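Numbers 13 to 146, taken from the working numbering, label the letters of the sequence shown in order. Yeah, the Cβ is synthetic: ideal placement off N, Cα and C, and Gly gets one too. All of these numbers come straight from a predicted model, not from anything done at the bench.
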Amino acid sequence: MAVTKDDTMPVHSSEDIVWVRQAVRTWAVGLGFDLVDQTKLVTAASELARNTVDYGGGGTVKLEAINDGVRHGLRLTFEDHGPGIPDIKLALQDGYTTGSGLGLGLGGTKRLVNEFDIESRSGEGTRVCITRWK
Ligand SMILES: Nc1ncnc2c1ncn2[C@@H]1O[C@H](COP(=O)(O)OP(=O)(O)O)[C@@H](O)[C@H]1O
Ligand SMILES: [Mg+2]
Numbered sequence: 013m014a015v016t017k018d019d020t021m022p023v024h025s026s027e028d029i030v031w032v033r034q035a036v037r038t039w040a041v042g043l044g045f046d047l048v049d050q051t052k053l054v055t056a057a058s059e060l061a062r063n064t065v066d067y068g069g070g071g072t073v074k075l076e077a078i079n080d081g082v083r084h085g086l087r088l089t090f091e092d093h094g095p096g097i098p099d100i101k102l103a104l105q106d107g108y109t110t111g112s113g114l115g116l117g118l119g120g121t122k123r124l125v126n127e128f129d130i131e132s133r134s135g136e137g138t139r140v141c142i143t144r145w146k
């Protein structure tokens, strides 16, 4: 698997989320994703960025254009050093929230992408990695 391009952006504020949405759209267009897939990626990025800001105390996102020899893909890795998620299975359930959201972010994001990995340790932080292949 080859990474053909990468960039890391801060995710600390609503303004940062706007920049991330814009960058994901631009990268998705550049990789040739159609409008539906672009919107899936932007929506997924938006949800994870919002979680990074609201629950993770801010962090970063790494954007990577990847190629497995057959397909192109866009991989996004959100990382924070916040409190972590004590029960990932529970957090993934639709309707579960510890905030004022709808609790649909993580579960919804998982359904919008081809690969979804979440790693979290109490007191250390959270890393969510998603990939959509073209
Ligand atoms: N980066 C994170 N750090 C800590 N907790 C998180 C993080 N992302 C999600 N969570 C936890 O998972 C729950 C579910 O997230 P999500 O499905 O996006 O729903 P919502 O954002 O509406 O609460 C959140 O309420 C929060 O408790
Ligand atoms: Mg959310």
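Membership of D49 in the alpha helix (DSSP H) is indicated by the continuous run 47-66. Restricting attention to T143, L47, S132, the CA atom closest to the CA of Y67 is found in S132. By the criterion of at least three beta-carbon pairs nearer than 8 Å, the segment 118-131 is not in contact with the segment 29-44. Beta-carbon to beta-carbon, I78 and T38 are separated by about 16 Å, too far to satisfy the 8 Å threshold. If you draw a straight line from the Cα of T72 to the Cα of G94, it is about 12 Å long.
Separation of the CB atoms of D19 and L75 is rounded to 5 Å, and the pair is thereby assigned contact status at 8 Å.
For the pair V48 and A40, the Cα-to-Cα distance works out to about 11 Å. In the same chain as R144, and ignoring 5 residues on each side of it, the C-beta atoms closer than 7 Å to its own belong to D49, K52, L53, G85, L86, V125, N126, in chain order.
Its chain contains P95, G96 as the residues whose beta carbon lies nearer than 8 Å to that of G135, once the 5 sequence neighbours on both sides are disregarded; these appear in chain order. Looking only at L118, L60, E59, the smallest Cα-Cα distance to D99 is reached by L118. Closest option to K122, judged by alpha-carbon separation, among T138, L43, Q105: Q105. For D92, the shortest separation between its Cβ and any heavy atom of ligand 1 lies below 6 Å. With a minimum length of 4 residues, the unbroken runs of alpha helix (DSSP H) contained wholly in the segment 89-113 fall at 100-103.
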